[in-house]
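S.K.: Protein chains in written order, with the working numbering: chain S, 5 to 528; chain Z, 5 to 528.
Even for Gly, the Cβ is constructed at its ideal location relative to N, Cα and C.
Everything numeric in this text was worked out from a predicted model, so none of it was measured.
Let me begin by handing over the structure; questions about it come next.
Right, dumping it as structure tokens:
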């Protein structure tokens with residue numbers, strides 16, 4: 005059912021690994037723990053299931069099936085007999101046995117009747133996909149009020165209305181119209197925009213970023229972002245929380261909850277509607293009216309919430325926080341295959357408030373053995389394009405173990421494979437003296453080296469408990485993460501240095517915050 | 005020879021099209037026009053050509069051959085007989101007939117002798133790849149002085165030393181060790197970092213960005229960035245110039261030249277070493293000592309140079325400037341498939357100094373016909389996920405033709421194909437009632453629509469001479485540009501809204517600058 009039940013997580017920011025997936029009781033105490041049934045249901049009904057392949061009632065049903073959900077799935081539509089090979093039911097009442105989760109895609113005006121059926125059936129929770137509520141007009145607002153009252157009266161948990169759905173990877177439940185299926189992981193995402201939310205799920209999938217839950221909270225008629233944050237506080241599969249927010253109704257409670265949750269789990273929020281025009285757009289979008297942005301941003305920071313400035317940062321930062329040890333400070337060592345990238349990374353670090361300390365003499369001497377005499381002999385360590393395979397390994401290790409360095413950014417070592425591939429392709433075409441076998445061997449050696457190097461970075465992170473952020477420059481073609489079976493951390497390889505710098509800058513902020521609290525956090 | 009010889013360019017920011025590639029005289033008057041022979045040589049020799057597939061002398065030779073260079077190619081190495089199927093020559097003297105370009109990869113100390121041979125042979129230019137000169141130590145500095153004097157005495161144009169090479173797409177010459185081969189285009193790139201430069205050429209290739217010239221200027225012992233800028237001023241194939249700079253020796257002359265060139269061709273520069281640490285890193289990298297960054301940055305702006313803040317921006321901005329009409333002002337209309345992306349794009353625009361004007365009533369009425377009553381009725385136009393294929397077309401057209409809007413950002417229309425593909429894949433697997441034929445037809449319709457929509461954007465840009473910047477959100481899988489045979493402009497589709505906003509913000513700055521000059525530029 006909930007494969008991460010017995011996942012303790014403490015000290016283990018790495019993603020929830022499949023071997024931890026044995027069943028068991030969720031050991032927690034949370035006033036929203038009844039939402040477990042909604043997010044990890046044994047059975048799902050789709051009201052408004054359709055055979056029209058562009059309809060929501062089709063797309064969600066098809067996604068649930070294609071995503072490999074193993075519980076019972078009931079399409080509800082009185083006018084259809086079969087959809088995707090499943091028999092259709094006329095109504096929820098006709099479903100035999102208990103029912104955990106109901107997804108509703110029928111028009112807004114049908115919602116009250118369907119919800120009544122849900123209460124009769126004593127379902128565990130509802131995701132109301134349909135739009136046409138408070139985001140439209142007065143009638144919609146009244147209708148939303150009506151259904152919210154109904155849910156409250158019957159203690160029926162409701163996500164939405166006007167949502168794109170939910171994803172619960174550890175229950176193999178992909179219940180969105182968009183067919184993005186990111187892998188299982190430890191990042192939970194609460195999004196007040198469905199459109200933006202599912203797009204980020206596509207990016208997460210493409211980048212190999214592991215997700216625990218995605219919740220499009222929609223109009224938040226009933227369950228709101230703060231409730232969901234409280235739920236995630238005790239969700240054992242979730243280690244990092246990202247939020248896209250356009251408006252918080254009870255700011256005080258949100259900040260209170262955020263302050264508590266952020267001590268244990270990093271919260272990264274993107275506040276949409278930071279500007280006059282953005283605020284107006286947000287008002288017409290989710291009907292929310294945000295207050296003063298600066299005040300809210302400042303309050304968020306005081307509550308330990310890290311602020312992203314654009315959607316892609318939500319993913320970059322959450323990947324960093326969920327994969328790497330938290331930096332003990334802001335002193336960065338840089339190892340670069342070439343000078344220019346070292347320079348721009350230096351600039352980016354300094355502009356983000358990070359320090360680039362000078363290299364101690366004994367480190368220079370160690371690295372000296374592997375590089376020609378004209379290497380930089382300074383931080384950043386410019387490897388001057390060396391072909392010495394040992395040089396980057398030694399450089400990173402010497403930096404990360406130094407007590408004058410808190411974190412390392414390593415540029416261009418992982419990712420060379422793709423560049424080498426182009427060179428080998430040319431050789432294959434143009435050089436009759438080199439056999440295909442020789443080329444394959446050379447490529448194999450480069451691939452092997454990259455794996456060994458990444459493994460080495462993971463071992464160093466475990467040994468010294470400091471982050472090493474990779475920058476691949478070229479896309480690795482294998483996502484941005486590198487995982488090792490049973491490892492405590494994952495390797496992270498961003499395509500550009502700015503993302504790596506941003507992760508370390510935000511980590512340093514979080515470290516400062518935790519230090520101010522006087523806490524030594526068990527983990528990130 | 006130089007396929008873009010008769011490319012007039014005026015009013016045509018679109019990339020140099022192959023049909024313009026008839027030969028002819030370069031009609032220009034420039035004190036660096038003799039560099040044409042270096043950048044568009046009829047014959048090339050590689051001194052230090054090697055059969056060792058990891059050596060520079062091999063990688064460059066192999067790249068020239070694999071890149072489809074059609075001139076004569078001479079490997080020079082007294083110890084080898086054949087490399088890549090080509091006969092080796094003992095020295096430059098042994099080459100029969102004239103020789104235009106010599107690439108030198110042999111150790112630094114051999115350079116004076118090789119250069120003497122070059123002068124005897126009266127070659128058109130030299131690219132000195134080898135390192136070991138002023139970037140290393142006093143001996144290297146003396147050696148560099150020696151060869152620079154020699155070149156000056158014999159008026160031998162020299163790029164480098166310590167460079168990764170050059171790319172001249174319109175002459176099919178890819179003379180770098182990295183085998184990135186971006187397509188022919190109108191963007192020239194002068195990079196003081198070879199490593200950073202060739203990486204950006206890889207990115208340009210991946211994104212389908214068209215390049216005219218790439219010049220790794222290396223230590224700039226002889227020809228420097230300012231000289232190259234002057235050359236590019238009259239290069240008919242170059243419409244936009246990007247530069248990565250770590251230090252300018254004669255700042256006054258650079259600014260003078262930049263001020264003149266930027267009136268006709270946008271110049272976008274990334275200054276590496278903006279911070280204390282970055283400056284130190286740059287000093288150890290290219291041996292250059294930059295002055296005060298703020299002063300230099302301000303002077304650049306006054307000379308009409310646009311400043312990028314990170315390497316990827318060099319490509320984003322140059323793609324925008326080389327593909328789109330220059331915006332007449334800073335008032336942006338936004339069309340978004342969903343609300344959240346509209347909100348974050350609004351925020352990004354406002355934070356970049358762009359305006360989001362309200363929608364005139366008549367535009368609201370026009371769009372009303374295609375959208376459900378609860379659409380935003382405001383700027384941004386939130387298409388509320390409509391399936392009405394006409395809606396985005398109408399919305400973009402109404403905005404771009406309004407005299408209250410200077411530019412349009414269009415989010416999520418192009419790029420849906422990839423998301424639809426995932427949905428169709430699920431249907432193919434899970435739905436026995438839908439045939440493969442039906443799925444292929446549906447995907448065909450979506451693909452067709454995207455092409456028609458992109459074509460429509462191009463027509464609108466021609467008709468109204470205002471930029472429409474696309475944001476695909478999902479990668480299109482076909483690069484970031486969309487071209488139409490014979491079209492004046494190209495479609496640009498960035499993966500994220502920030503890039504689109506940045507292009508418009510920098511365009512607005514350039515427009516302001518040109519307006520202050522009192523000029524009406526012939527083009528961007």
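Is there a C-beta anywhere in chain S that falls below 8 Å from the one on residue 402/Z?
M.R.: No, no contact with chain S.
S.K.: Taking a Cβ distance cut-off of 7 Å, strictly less, list which residues of the segment 109–124 of chain S are near chain Z, in chain order.
M.R.: The segment 109–124 of chain S vs chain Z, Cβ under 7 Å: nothing.
S.K.: Once DSSP output is grouped into helix, strand and coil, what is the label at residue 2/Z?
M.R.: Beyond the ends of chain Z as shown, which are 5 and 528, falls residue 2/Z; an answer cannot be given.
S.K.: Given this structure, state the Cα-to-Cα distance separating residue 126/Z from residue 146/Z, to the nearest angstrom.
M.R.: About 25 Å.
S.K.: What are the residues in the segment 54–85 of chain Z lying within 7 Å of chain S by C-beta distance?
M.R.: So the list reads 55, 57, 58, 63, 66, 67, 69 and 70, given in the order they occur along the chain.
S.K.: In chain S, which residues lie less than 7 Å from residue 282/Z when you measure between Cβ atoms?
M.R.: By Cβ distance, chain S contributes 347, 350, 351 and 354.
S.K.: Is residue 247/S helix, strand or coil when you go by DSSP?
M.R.: Note: residue 247/S maps to strand in three-state DSSP.
S.K.: Determine which residues share a DSSP beta bridge with residue 194/S and list them.
M.R.: Answer by DSSP bridge pairing, in chain order: 219/S and 247/S.
S.K.: Going by C-alpha distance, which of 301/S, 516/S, 265/S and 280/S is nearest residue 352/Z?
M.R.: Selected option, being the one with the closest Cα: 280/S.
S.K.: Does residue 39/S pass the burial test, meaning 16 or more other C-beta atoms within 10 Å, or should it be called exposed?
M.R.: By the 10 Å Cβ count, residue 39/S comes out buried.
S.K.: Drop a sphere of 10 angstroms on the beta-carbon of residue 521/S, count the other beta-carbons inside from all chains shown, and report buried for 16 or more, exposed for fewer.
M.R.: Exposed.
S.K.: May I ask you to list the residues that DSSP assigns as paired with residue 335/Z?
M.R.: DSSP lists 359/Z as partners of residue 335/Z.
S.K.: Would you kindly work out how many angstroms separate the C-alpha atoms of residue 332/Z and residue 52/S, rounded to a whole number?
M.R.: Rounded to the nearest angstrom, the two C-alpha atoms are 49 Å apart.
S.K.: Residue 425/S: which of 34/Z, 183/Z, 44/Z and 170/Z sits nearest, CA to CA?
M.R.: The option with the nearest alpha carbon to residue 425/S is 183/Z.
S.K.: Does the beta carbon of residue 1/Z come closer than 8 Å to any beta carbon on chain S?
M.R.: Chain Z is shown only over 5 to 528; residue 1/Z falls outside these bounds and no answer can be derived.
S.K.: Hey, residue 163/S and residue 171/S: beta-carbon distance below 8 Å or not?
M.R.: It is not a contact, given that the beta carbons lie outside the stated cut-off.
S.K.: In terms of residue numbering, what span does the beta strand (DSSP E) encompassing residue 497/Z cover?
M.R.: Where residue 497/Z is concerned, the enclosing beta strand (DSSP E) stretches over 495–498.
S.K.: Listing by chain order, which chain Z residues have their CB less than 7 Å from the CB of residue 374/S?
M.R.: Simply none; closest approach about 17 Å.
S.K.: Taking one C-beta from the segment 316–324 of chain S and one from the segment 498–509 of chain S each time, how about it: are there three or more such pairs within less than 8 Å?
M.R.: Contact between the segment 316–324 of chain S and the segment 498–509 of chain S is present, because at least three Cβ pairs lie under 8 Å.
S.K.: For a test of the three-state rule: what should DSSP assign to residue 188/Z, helix, strand or coil?
M.R.: In this structure, residue 188/Z counts as strand in the three-state DSSP scheme.
S.K.: Using a cut-off of 7 Å between C-beta atoms, extract the partners of residue 434/S located in chain Z.
M.R.: Chain Z residues near residue 434/S: 66, 69, 70 and 88.
S.K.: Could you tell me which of 119/Z, 136/Z and 511/Z sits nearest to residue 129/Z, measuring between CA atoms?
M.R.: Of the candidates 119/Z, 136/Z and 511/Z, the one whose C-alpha sits nearest the C-alpha of residue 129/Z is 119/Z.
S.K.: For residue 47/Z and residue 76/Z, what's the separation of their Cα atoms in angstroms?
M.R.: Approximately 4 Å between the Cα atoms of the pair.
S.K.: Just the chain S side, please: which residues come within less than 7 Å of residue 316/Z by C-beta, in chain order?
M.R.: Per Cβ cutoff of 7 Å: 500.
S.K.: Measuring from the CB of residue 173/Z, is there a heavy atom of the ligand SAM at a distance below 7 Å?
M.R.: Summarising the ligand content, the structure contains no ligands, and the ligand SAM is consequently not present.
S.K.: By DSSP's criteria, residue 79/S is part of a beta bridge. Which residues make up the other side?
M.R.: Residue 79/S is bridged to 50/S.
S.K.: Which of the residues in the segment 187–202 of chain Z, read from start to end, lie with their CB under 9 Å from any CB of chain S?
M.R.: Answer in chain order: 195, 196, 197, 198, 199, 200, 201 and 202.
S.K.: If we ignore side chains and look at the alpha-carbon of each, how far apart do residue 189/Z and residue 165/Z end up?
M.R.: Looking at the two C-alpha atoms, the distance is approximately 27 Å.
S.K.: Applying the criterion that 16 or more other CB atoms from any shown protein chain within 10 Å of the CB defines a buried residue, is residue 86/Z buried or exposed?
M.R.: So residue 86/Z counts as exposed.
S.K.: Check whether the Cβ of residue 396/Z lies closer than 8 Å to any Cβ atom in chain S.
M.R.: Not an interface residue.
S.K.: Between the alpha carbons of residue 8/Z and residue 152/Z, how many angstroms are there, rounded?
M.R.: No answer about residue 8/Z holds up, because its pLDDT of 33 lies below 50 and its placement is not dependable.
S.K.: Would you mind giving the Cβ-Cβ distance between residue 216/S and residue 179/S, rounded to the nearest angstrom? I have them listed as a contact below 8 Å.
M.R.: Their Cβ separation, rounded to whole angstroms, is 15 Å, which puts residue 216/S and residue 179/S out of contact at 8 Å.
S.K.: Please state the DSSP three-state secondary structure of residue 438/S.
M.R.: It is coil, neither helix nor strand.
S.K.: Does the segment 338–351 of chain Z come close enough to the segment 382–391 of chain Z to have 3 or more Cβ pairs within less than 8 Å?
M.R.: In short, these stretches touch, since the Cβ pair count reaches three.
S.K.: Starting from residue 172/S, follow the beta strand (DSSP E) in both directions and report where the run begins and ends.
M.R.: Residues 169–172.
S.K.: What number of angstroms, rounded off, separates the C-alpha of residue 236/S from the C-alpha of residue 401/S?
M.R.: Distance between the alpha carbons of residue 236/S and residue 401/S: 36 Å.
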